[in-house]
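Chemist:
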Amino acid sequence: MIILGIDPGMAILGYGVIESLNYDMKLLDYGAVTTSSAMDTPKRLLKIFVSMEELIQKYSPDA
0 MIILGIDPGM AILGYGVIES LNYDMKLLDY GAVTTSSAMD TPKRLLKIFV
50 SMEELIQKYS PDA
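Residues in the sequence shown are numbered from 0 upward in steps of one, following numbering that gives the first Met the number 0.
(1) With burial defined as no fewer than 16 other Cβ atoms inside 10 Å of the residue's Cβ, what is the status of L44: buried or exposed?
(2) Are the beta-carbon atoms of S50 and A10 separated by less than 9 Å?
(3) According to DSSP, is T40 part of a helix, a strand, or is it coil?
(4) For Y58, name the three-state secondary structure that DSSP assigns.
Structure, rendered in structure tokens:
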């Protein structure tokens, strides 16, 4: 099972992707999506959306 965890935020959104197999866990990816407060809100939301969409397409999380 692949799990995508998200720590939401507009300025900094953190994420982690793990794979769970029979009580063992393996870290697949982690990082942050950052947006500047100088950006318009719609542009900030678009950047977050596109970044999350890319992660979902790359890892196809189950949860």
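C-beta: ideal position from N, C-alpha, C; glycine also.
Modeler: If we stick to the structure as given:
(1) What you label residue 44 is simply residue 45 of the sequence shown in a count that begins at 1. Exposed, by the Cβ-count rule.
(2) Locating residue 50 in the sequence shown gives position 51, where the first residue counts as 1. Locating residue 10 in the sequence shown gives position 11, where the first residue counts as 1. Between S50 and A10, the C-beta gap is not smaller than 9 Å, which leaves the two residues out of contact.
(3) Position 41 of the sequence shown, counted from the start, is the residue given in the question as residue 40. Helix.
(4) Residue numbering aside, residue 58 sits at position 59 when the sequence shown is read from its first letter. Under the three-state reduction of DSSP output, Y58 falls in the helix class.
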